[in-house]
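Trainee: Take this structure first; my questions come after.
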Amino acid sequence: MATSDSSLPLFDHTHDTATTALAVAAAAVTAFYAAWLTADLLPRTVVFGVVALTVGFLLYRRPDRRAVAASGLYAVAILLAATPIALNATVLATADMTGITDPWARILTVTDLKILLGFLVVAAVPAAIGYYLNNAASVRRRLSALRER
Numbered sequence: 068m069a070t071s072d073s074s075l076p077l078f079d080h081t082h083d084t085a086t087t088a089l090a091v092a093a094a095a096v097t098a099f100y101a102a103w104l105t106a107d108l109l110p111r112t113v114v115f116g117v118v119a120l121t122v123g124f125l126l127y128r129r130p131d132r133r134a135v136a137a138s139g140l141y142a143v144a145i146l147l148a149a150t151p152i153a154l155n156a157t158v159l160a161t162a163d164m165t166g167i168t169d170p171w172a173r174i175l176t177v178t179d180l181k182i183l184l185g186f187l188v189v190a191a192v193p194a195a196i197g198y199y200l201n202n203a204a205s206v207r208r209r210l211s212a213l214r215e216r
């Protein structure tokens, strides 16, 4: 059964319960991860609220369930790619604390660059799945054209 929020023009889409639940779940997962990621710099509840409302609003505006899932996966991929940068931001923010003599020497090590590359590879997985969900018909068409050759 579909519902329509005609009293709120921002939410003019008609979604079934499963699509709405998917948008809420994806917004919650993204918000939990963003709150954990920025916990050293910002209050978790503020980050959770802002991210949950923003992502939930953007996901709910997507036209169908596949688009909601794909956009949710894109959001997770962006957070995964930003994880090493956000975790190193605390080192830069606390550079004047005792025991930290040169924060740039710690951030620009080969190990940190390898960690960044690893997170980018991991982030590519939900991004690729989201791309497939968003463009499944064209991907299948291209694959069948390659098989015919």
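So for the sequence shown, this note's numbering puts the first residue at 68; every next one is plus one. Cβ atoms here follow ideal geometry from the backbone N, Cα and C, with glycine treated the same way. As the structure is a computational prediction, the values presented were derived from the model and not from experiment.
(1) The alpha helix (DSSP H) that contains ASN202, what's its start and end?
(2) Go through the stretch 141 to 166 residue by residue and report every complete run of the alpha helix (DSSP H) that reaches 4 residues or more, in order.
(3) How should SER205 be labelled, buried or exposed, when 16 other C-beta atoms within 10 angstroms of its C-beta is the threshold for buried?
(4) By DSSP, does THR176 sit in helix, in strand, or in coil?
(5) Count the other CB atoms within 10 Å of the CB of PHE124; is the residue buried (16 or more) or exposed (fewer)?
(6) MET68 to TYR199, Cα distance in whole Å?
(7) Going along the chain, which residues of its own chain have a beta-carbon closer than 6 Å to the beta-carbon of LEU213, five neighbours each way excluded?
(8) Can you tell me whether THR81 is helix, strand or coil according to DSSP?
(9) Thinking C-beta only, is VAL122 closer than 7 Å to THR97?
(10) Taking the alpha helix (DSSP H) that ARG217 belongs to, which residues open and close that run?
(11) Counting beta carbon pairs with one atom in the stretch 145 to 159 and one in the stretch 186 to 193, are three or more of them shorter than 8 Å?
(12) Helix, strand or coil for LEU217, going by three-state DSSP, please let me know.
(13) Between the C-alpha atoms of VAL135 and ALA90, what's the straight-line distance to the nearest angstrom?
(14) One question on the structure: do ALA137 and ASN201 come within less than 7 Å of each other, judged by their Cβ atoms?
Mentor: Result, derived from the coordinates:
(1) Bounds of any alpha helix (DSSP H) do not take in ASN202, whose DSSP letter is neither H nor E.
(2) The qualifying runs do not exist here; there are none.
(3) Answer is exposed; the Cβ neighbour count stays below 16.
(4) Three-state DSSP puts THR176 in coil, outside helix and strand.
(5) When all chains shown are included, PHE124 counts as exposed.
(6) With a pLDDT of only 47 at MET68, under 50, the local geometry of the prediction cannot be trusted, and no value is derived from it.
(7) So the list is empty, once near-sequence residues are dropped.
(8) In this structure, THR81 counts as strand in the three-state DSSP scheme.
(9) Yes, they are a contact pair.
(10) Residue coverage of the chain in this structure runs from 68 to 216, which leaves residue 217 outside it and unanswerable.
(11) Yes, the stretch 186 to 193 is in contact with the stretch 145 to 159.
(12) Since the first residue of the chain shown is 68 and the last is 216, residue 217 is not available in this structure.
(13) Roughly 6 Å separates the two Cα atoms.
(14) The answer is yes: Cβ separation under 7 Å.
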